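Enquirer:
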Amino acid sequence: MAEKDDNLLKKIISHAKEYGFIFPSSEIYDGLAAAYDYGQNGVELKNKIKEYWWRAMVQMHENIVGIDASIFMHPTTWKASGHVDAFNDPLIDNKDSKKRYRADVLVEDHIAKVQGKIDKEVTKAEKRFGDDFDKDQFVSTNQRVVQYQEKINSINERLKNSIENSDFDALKALIEELEIACPVSGSRNWTEVRQFNLMFSTDIGSLADDSSKIYLRPETAQGIFVNFLNVQKSGRMKIPFGIAQIGKAFRNEIIARQFIFRMREFEQMEMQFFVKPGEEMDWYEQWKEKRIAWHRSLGMDESNYRFHDHLNLAHYANAACDIEFNFPMGFKELEGIHSRTDFDLKAHEEHSGKKLQFFDPQEEQSYVPYVIETSIGLDRMFLAVLSGCYKEEKLEDGSERVVLALPPALAPSQVAVLPLIKRDGLPEKAREIISSLKFDYSCNYDEKDAIGRRYRRQDAIGTPFCITVDHQTLEDNTVTVRDRDSMEQERCSIEELKSRISELTAMTNLLKSL
Ligand code: ATP
1 MAEKDDNLLK
11 KIISHAKEYG
21 FIFPSSEIYD
31 GLAAAYDYGQ
41 NGVELKNKIK
51 EYWWRAMVQM
61 HENIVGIDAS
71 IFMHPTTWKA
81 SGHVDAFNDP
91 LIDNKDSKKR
101 YRADVLVEDH
111 IAKVQGKIDK
121 EVTKAEKRFG
131 DDFDKDQFVS
141 TNQRVVQYQE
151 KINSINERLK
161 NSIENSDFDA
171 LKALIEELEI
181 ACPVSGSRNW
191 TEVRQFNLMF
201 STDIGSLADD
211 SSKIYLRPET
221 AQGIFVNFLN
231 VQKSGRMKIP
241 FGIAQIGKAF
251 RNEIIARQFI
261 FRMREFEQME
271 MQFFVKPGEE
281 MDWYEQWKEK
291 RIAWHRSLGM
301 DESNYRFHDH
311 LNLAHYANAA
321 CDIEFNFPMG
331 FKELEGIHSR
341 TDFDLKAHEE
351 HSGKKLQFFD
361 PQEEQSYVPY
371 VIETSIGLDR
381 MFLAVLSGCY
391 KEEKLEDGSE
401 RVVLALPPAL
411 APSQVAVLPL
421 IKRDGLPEKA
431 REIISSLKFD
441 YSCNYDEKDA
451 IGRRYRRQDA
461 IGTPFCITVD
471 HQTLEDNTVT
481 VRDRDSMEQE
491 RCSIEELKSR
501 ISELTAMTNL
511 LKSL
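For the sequence shown, my numbering begins at 1 and goes up steadily by one.
Now the structure itself:
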């Protein structure tokens, strides 16, 4: 990845707009905060990411099937899931800047600063001791590091208690005690902490009398839980099995920012894996491995990923972690893997009065399965890919280029076909080539400007191959194929094109490496 700073995010946002990946929503009316539209290249990349996920989860697993549930669900769903009562964020306002923050995030950011001090000490010591450095020993014995760690533990404990007990006075007291200041005004002039429910609601029904309040789903998972028995019975599924879904979710985030990282309307790719109670930890570990392998197979720098175990578990979980990605803003959650116990199915049993159980023929008894969930934000994945692949390169001749080194299988277009000049029958020949390739690949055609500029445009949208049609093509049916990353060009026959492109761009390659 290129540099790591605020500038990088700005560059990515403007690159995404300039090259048709992402536009601010309703921009002609000055946009709508935290809403974005995917443009002509963005939608292709997004669809490819979805395809990679869907095929890896559903097509590659005999015991995982997909569904597509509706966004509106019976309102009791959200009572059962706990979202009506507990899907709240504690918010706090700074009286001077009038900016609103999540109180827990302010504390977490403070913890991250202390963690940063530990990391600094470790890096210094690593340099000092060289090969003899034993990190575990260092962090458990170095006085300063131990003190920092104790501080983190104590803050974490107090944060956890105040959230669990909805004790917002304690949370405010913690913010004051840690002397946390507003990043904008620099002041510590805070309001009280208040609860804020994140669900969007609307009315269903045309007449005021028979209308009733209904929610836009804040997660796709519940659509899977309420269909557990439908899928199990109609698909004759046996435990363990999974149900996968891709779809929109809506959250009225207090602070929605950092581009598509936190939006109010976003897309999730979730899979709920139903297992026998008692076996959940084993499956939890297996899904952690499988999901990180899915990310790594894309070939972005390994150092971009890390696991983060949750210390403060949600009320329904008995183990949980995030796969964090090194976004331009630093390491942040990209995907969550949660062991959700039997919380959701049991809650739906209680609220619906229907049994949601599996009859185990071997054990000859019915039970409510436990659930391992893998949940990834499609838009966050999009940002991870965009920022992980954005490169600014200085070339040997002194010029510069911006290239999106996308995994070839995800690129919006796999090939661009470019006639060297706009006459002498070269455009016609180029279109003939596209006609034969377009059944298998999305192809770009471009005849405007000098060939060098056209190559740059394709680099900027991540097209892995440029095929150039020149006068020799008319004589011997050969073209030049330019590789996006090495910029090397090779001559090859038109017949060979299909197999060459497929070898390097097929999604099968990604799936095979899982
Ligand atoms: P965060 O702590 O960042 O608010 P979360 O822990 O609430 O996220 P989950 O409820 O676990 O998130 O949702 C699963 C995934 O959905 C997240 O890992 C993330 O990729 C994605 N996601 C959640 N909220 C948003 C959002 N507002 N915008 C975009 N993606 C989101």
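The beta-carbon is built from N, C-alpha and C at its ideal position, and this holds for glycine as well. Since the structure is predicted, the reported quantities are computational estimates derived from the model, not experimental observations.
Exposed or buried, MET298, counting other C-beta atoms within 10 Å across all chains shown (16 or more means buried)?
Expert: Here residue 298 is Leu; the residue named in the question, Met, does not match the sequence. LEU298 should be labelled buried.
Enquirer: Per DSSP, which residues does GLY377 bridge with? Please list them.
Expert: GLY377 pairs with GLN268.
Enquirer: Pop quiz: VAL231 and ILE243 are said to be a contact at Cβ under 8 Å. What is the actual Cβ separation, rounded to whole angstroms?
Expert: Contact holds; Cβ gap of about 6 Å.
Enquirer: Tell me whether the beta-carbon of THR341 lies closer than 9 Å to the beta-carbon of GLU280.
Expert: The answer is yes: Cβ separation under 9 Å.
Enquirer: The alpha helix (DSSP H) spanning VAL122 covers which residue range?
Expert: Segment 103-129, the alpha helix (DSSP H) holding VAL122.
Enquirer: One question on the structure: do HIS348 and ILE323 come within less than 9 Å of each other, judged by their Cβ atoms?
Expert: Not closer than 9 Å, so no.
Enquirer: Secondary structure at LEU418, three-state DSSP: helix, strand or coil?
Expert: Here LEU418 sits in strand by DSSP.
Enquirer: Under 6 Å Cβ to Cβ from VAL402, same chain only, skipping five residues before and after it: list those, please.
Expert: Result list for VAL402: GLU392, ALA460, in chain order.
Enquirer: So, are the CB atoms of LEU9 and GLY462 less than 9 Å apart?
Expert: The answer is no: Cβ separation not under 9 Å.
Enquirer: With respect to 8 Å, is the separation between the Cβ of GLY377 and the closest non-hydrogen atom of ligand 1 below this value?
Expert: Indeed, a heavy atom of ligand 1 lies less than 8 Å from the Cβ.
Enquirer: Where LYS95 and ARG262 are concerned, what is the direct C-alpha to C-alpha distance, given to the nearest angstrom?
Expert: In a straight line, the C-alpha of LYS95 is about 24 Å away from that of ARG262.
Enquirer: Considering just the uninterrupted stretch of the beta strand (DSSP E) at PHE478, what are its terminal residues?
Expert: With the sequence shown as reference, residue 478 is identified as Thr, and Phe is not the correct amino acid for it. Counting along the chain, the beta strand (DSSP E) containing THR478 begins and ends at 478-483.
Enquirer: Does the separation of the CB atoms of SER387 and PHE327 fall below 9 Å?
Expert: In this structure, PHE327 lies closer than 9 Å to SER387 by Cβ.
Enquirer: Excluding five sequence neighbours on each side, which residues of the same chain lie with their C-beta closer than 7 Å to the C-beta of LEU383?
Expert: So the list reads PHE259, ILE260, PHE261, PHE327, once near-sequence residues are dropped.
Enquirer: Please name the residue, chosen from LYS233, SER212, ASP119, that lies closest to PHE72 on a Cα-to-Cα basis.
Expert: Per the Cα distances, SER212.
Enquirer: For LYS233, I'd like the list of residues in its chain whose CB is within less than 8 Å of its CB, leaving aside the five on either flank, ordered along the chain.
Expert: Once the five neighbours on either side are set aside, LYS233 has no close Cβ partner at all.
Enquirer: May I have the straight-line CA-CA distance separating SER413 from ASP476, to the nearest angstrom?
Expert: Roughly 26 Å separates the two Cα atoms.
Enquirer: Taking the DSSP output, what are the residues bridged to LYS512?
Expert: Answer is none; LYS512 lacks a bridge partner.
Enquirer: Evaluate ASN304 with the Cβ neighbour count: other Cβ atoms within 10 Å of its Cβ, from every protein chain shown; 16 or more gives buried, anything less gives exposed.
Expert: Per the 10 Å Cβ criterion, buried.
Enquirer: Going by DSSP, which residues form a beta bridge with GLU392?
Expert: Answer is VAL402, bridged to GLU392.
Enquirer: For a test of your reading of the model: does the CB of PHE261 fall under 8 Å from any non-hydrogen atom of ligand 1? Yes or no.
Expert: Result yes, Cβ under 8 Å from ligand 1.
Enquirer: Among all the DSSP beta bridges, which residues are the ones paired with PRO90?
Expert: Partner(s): GLN195.
Enquirer: Drop a sphere of 10 angstroms on the beta-carbon of TYR316, count the other beta-carbons inside from all chains shown, and report buried for 16 or more, exposed for fewer.
Expert: Looking at its Cβ environment, which holds 16 or more other Cβ atoms inside 10 Å, TYR316 is buried.
Enquirer: Under DSSP, the beta strand (DSSP E) around SER339 begins and ends at which residues?
Expert: Looking at the DSSP string, the run of the beta strand (DSSP E) that includes SER339 is 330-341.
Enquirer: Would the segment 170-188 and the segment 99-107 be scored as touching if the rule is three or more Cβ pairs under 8 Å?
Expert: The segment 170-188, when compared against the segment 99-107, does touch it at the 8 Å Cβ threshold.
Enquirer: I want to check one thing, is the minimum distance from the CB of ARG251 to the heavy atoms of ligand 1 below 8 Å?
Expert: Yes, since a heavy atom of ligand 1 falls inside the 8 Å radius drawn around the Cβ of ARG251.
Enquirer: I need the DSSP call for GLY202, collapsed to helix, strand or coil.
Expert: The displayed chain sequence assigns Thr, not Gly, to residue 202. In the structure shown, THR202 sits in a strand (DSSP, three-state: E or B).
Enquirer: With H, G and I counted as helix, E and B as strand and the rest as coil, what does DSSP make of LEU497?
Expert: LEU497 falls in the helix class under three-state DSSP.
Enquirer: Any idea if ASP344 is buried or exposed, counting beta-carbon neighbours within 10 angstroms, 16 or more meaning buried?
Expert: So ASP344 ends up on the buried side.
Enquirer: When DSSP labels each residue in this structure, what does ASN161 get in the three-state scheme?
Expert: In the structure shown, ASN161 sits in a helix (DSSP, three-state: H, G or I).
Enquirer: Would DSSP call CYS279 helix, strand or coil?
Expert: One point to set straight first is that residue 279 is Glu, not Cys, in the sequence displayed. Looking at GLU279 - three-state DSSP - the assignment turns out to be coil, as it is neither helix nor strand.
Enquirer: Leaving out five residues on either side along the sequence, give the residues of the same chain with a beta carbon under 8 Å from the beta carbon of ALA145.
Expert: Reading the sequence as shown, one finds Val at residue 145 and not Ala. Result list for VAL145: ILE118, GLU121, VAL122, PHE138, VAL139, in chain order.
Enquirer: Near HIS471, what residues of its chain come up, given a Cβ to Cβ distance below 8 Å and the 5 sequence neighbours on each side ignored?
Expert: For HIS471, where only same-chain residues beyond five positions count, the Cβ hits under 8 Å are LEU420, ASP424, LEU426.
Enquirer: For CYS443, which residues does DSSP report across the bridge?
Expert: VAL415.
Enquirer: Decide yes or no for the touch test of the segment 489-498 against the segment 75-83: beta carbon pairs closer than 8 Å, at least 3 of them.
Expert: Not touching, per the Cβ criterion.
Enquirer: Starting from THR468, trace the beta strand (DSSP E) in both directions and tell me its first and last residue.
Expert: Per DSSP, THR468 belongs to the beta strand (DSSP E) from 465-469.
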